[in-house]
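Residue numbers (this note's numbering): 53 to 269. Think of the CB as a built atom: it goes at the ideal place given N, C-alpha and C, for glycine as much as any other residue. From a predicted model like this one, the values you see are computed outputs, not experimental measurements. Here the structure comes first, spelled out in structure tokens, and everything after it is commentary.
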């Protein structure tokens, strides 16, 4: 299943920053940034490109049929006597926003004390759970800058010696748990369509977690 959850704002931001990123690449700053995440320059650039490409790929893991009453919740439609149609709802995992970032997060855990990782992840989970909002027909939405800022601040406070791996791993896993997984109970009221873990409104936040984490020193 192919979709494009990358927001227009993120695409415009990437285009505007591209000359600046190329300049940093020439100075060697990009190499230092990726080394903070335990990656070589080539591997780091390839990883972020794969995440962007993978943002359009969703792997279905669960399908079910739900009542679709248009603009009304099913129980309101029944009270008003409106017929409720049956539509398919698909739960999927986004490759670029969930699978690849989680794999890198697991790799980075070897650089982080596990107890500090758990505390940091819990903080990010709580914050993203509170700010995330389920939107019918779209999925989960939230301000994209909140996860990277929160994870970066927590990492700097709790593990100043090497904050980048902690910021990334806690930011990714905490966001996926808080924004997506803990909101799965809202699926009934979100209607038909594809609900993608790590996709839609969550992908931008996950992607920015990677960028900001890499810049931490």
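Give me, in chain order, the residues of the same chain whose beta-carbon lies closer than 6 Å to that of residue i; leave out the 5 immediate sequence neighbours on both sides.
i: residue 57; result: For residue 57, the pLDDT reaches just 47, beneath the cut-off of 50, and the residue's location in the model is therefore unreliable, although a value from the coordinates is still provided. Around residue 57: 107, 251, 252, 255.
i: residue 170; result: none
i: residue 249; result: 145, 150, 232
i: residue 168; result: 210, 211
i: residue 264; result: 200, 204
Check the C-beta distance from residue i over to residue j and give it rounded, since I have them as a contact under 8 Å.
i: residue 230; j: residue 203; result: Not confirmed; about 11 Å, so no contact.
i: residue 98; j: residue 152; result: 11 Å between Cβ atoms; not a contact.
i: residue 200; j: residue 180; result: With 8 Å as the limit, residue 200 and residue 180 do not qualify as a contact, their Cβ atoms being about 11 Å apart.
i: residue 222; j: residue 207; result: 7 Å
By the 10 Å Cβ neighbour count, where 16 or more other Cβ atoms means buried, how is residue i classified, buried or exposed?
i: residue 268; result: buried
i: residue 257; result: buried
i: residue 95; result: exposed
i: residue 166; result: exposed
i: residue 228; result: buried
i: residue 155; result: exposed
i: residue 68; result: exposed
i: residue 176; result: buried
Taking 8 Å as the threshold (C-beta atoms), are residue j and residue i in contact?
i: residue 246; j: residue 150; result: no
i: residue 110; j: residue 266; result: no
i: residue 172; j: residue 234; result: no
i: residue 139; j: residue 224; result: no
i: residue 220; j: residue 262; result: yes
i: residue 148; j: residue 205; result: no
Ignore the nearest five residues each way along the sequence and tell me which others in residue i's own chain have a CB closer than 7 Å to its CB.
i: residue 163; result: 90, 214, 217
i: residue 113; result: 143, 144, 145
i: residue 100; result: 262
Spatial neighbours of residue i within its chain, please: CB distance less than 8 Å, with the 5 preceding and 5 following residues excluded, ordered by chain position.
i: residue 174; result: 226
i: residue 238; result: 186
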